[in-house]
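Here it is as structure tokens:
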């Protein structure tokens with residue numbers, strides 16, 4: 001729409017004209033109508049996708065769903081976090097919950113949800129990316145222990161799933177609780193599991209590259225790691241500090 005302008009003669013407006021102070025009320029009403037139209041479309045789309053989102057969350061937050069068995073590594077890792085909490089006398093359940101959320105759902109699953117092209121041979125356009133960001137935000141809110149206070153000025157992506165998040169939070173808590181009640185995984189079973197995984201994926205990864213990444217981390221925090229290994233009883237029995245120092249010396253010479 002082209003409207004006359006006193007200075008330049010013409011002025012180009014794109015889609016929506018900025019209303020002057022005189023028509024401010026009318027402009028507010030028009031903006032409100034536009035937002036209400038889009039909100040209706042968002043709710044309709046959300047209703048179409050609801051079953052798929054529910055299935056995704058239920059599959060992720062289930063110890064045995066549709067025939068899949070919980071990997072031993074998850075149980076072993078969560079038990080380790082609980083042991084560390086007990087060791088440091090951390091009784092706050094929210095802290096344990098947050099540790100587990102940060103090490104698996106928020107570090108791994110959110111990345112997969114937002115970037116399906118990492119797993120599948122697909123193209124993710126901008127519209128798909130925006131939609132998946134809403135699902136990922138809902139996923140993150142479901143893992144949070146804090147209350148989400150929403151109002152009329154809250155973004156629409158949070159308002160869409162506001163009523164569903166309490167139910168999703170229950171799923172997350174149930175998931176962590178079910179894992180804690182599972183039989184503990186021994187170090188021997190965990191070692192056997194890792195050895196089997198290494199055998200199955202022998203040709204898919206560069207083990208030397210992975211070791212070098214670990215070594216780079218160790219060099220960066222060498223003093224702290226050596227100090228911890230010296231204080232830990234089990235590490236002293238296995239002489240891990242001296243073994244690590246030998247590795248560092250050897251790598252320094254070869255480099």
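Numbering (the UniProt record's numbering), first residue to last: 1 to 255.
Virtual Cβ for every residue (Gly too), placed ideally from N, Cα, C.
query                                                                                                                                                                           : result
Residue 64 by DSSP, collapsed to three states: which one?                                                                                                                       : strand
Would you give the residue range spanned by the alpha helix (DSSP H) that residue 187 belongs to?                                                                               : 187-200
DSSP three-state call for residue 119: helix, strand or coil?                                                                                                                   : coil
Taking 8 Å as the limit between beta carbons, can you name the residues of its chain near residue 245, skipping five residues before and five after?                            : 226
Run the CB neighbour count on residue 239, radius 10 Å, all protein chains shown included, and call it buried at 16 or more, exposed below.                                     : exposed
Within the same chain, show all residues whose beta-carbon is closer than 6 Å to that of residue 193, passing over the 5 residues directly before and after it, in chain order. : 72
Please confirm if the stretch 89-105 is in contact with the stretch 121-129, defined as three or more CB-CB distances below 8 Å between the two stretches.                      : no
In angstroms with no decimal places, state the Cα-to-Cα distance between residue 82 and residue 108.                                                                            : 20 Å
Between 75, 37, 61 and 91, which lies nearest to residue 183 when the distance is taken from Cα to Cα?                                                                          : 75
Fully enclosed by the stretch 110-176, which alpha helix (DSSP H) runs are 4 residues long or longer?                                                                           : 110-114, 126-143 and 156-159
Is the Cβ-Cβ distance between residue 77 and residue 110 less than 8 Å?                                                                                                         : no
With distances taken between CB atoms, is the gap from residue 172 to residue 53 smaller than 8 Å?                                                                              : no
Under 8 Å, do residue 95 and residue 85 count as touching if we go by C-beta distance?                                                                                          : yes
How big is the Cα-Cα spacing for residue 116 and residue 195?                                                                                                                   : 28 Å
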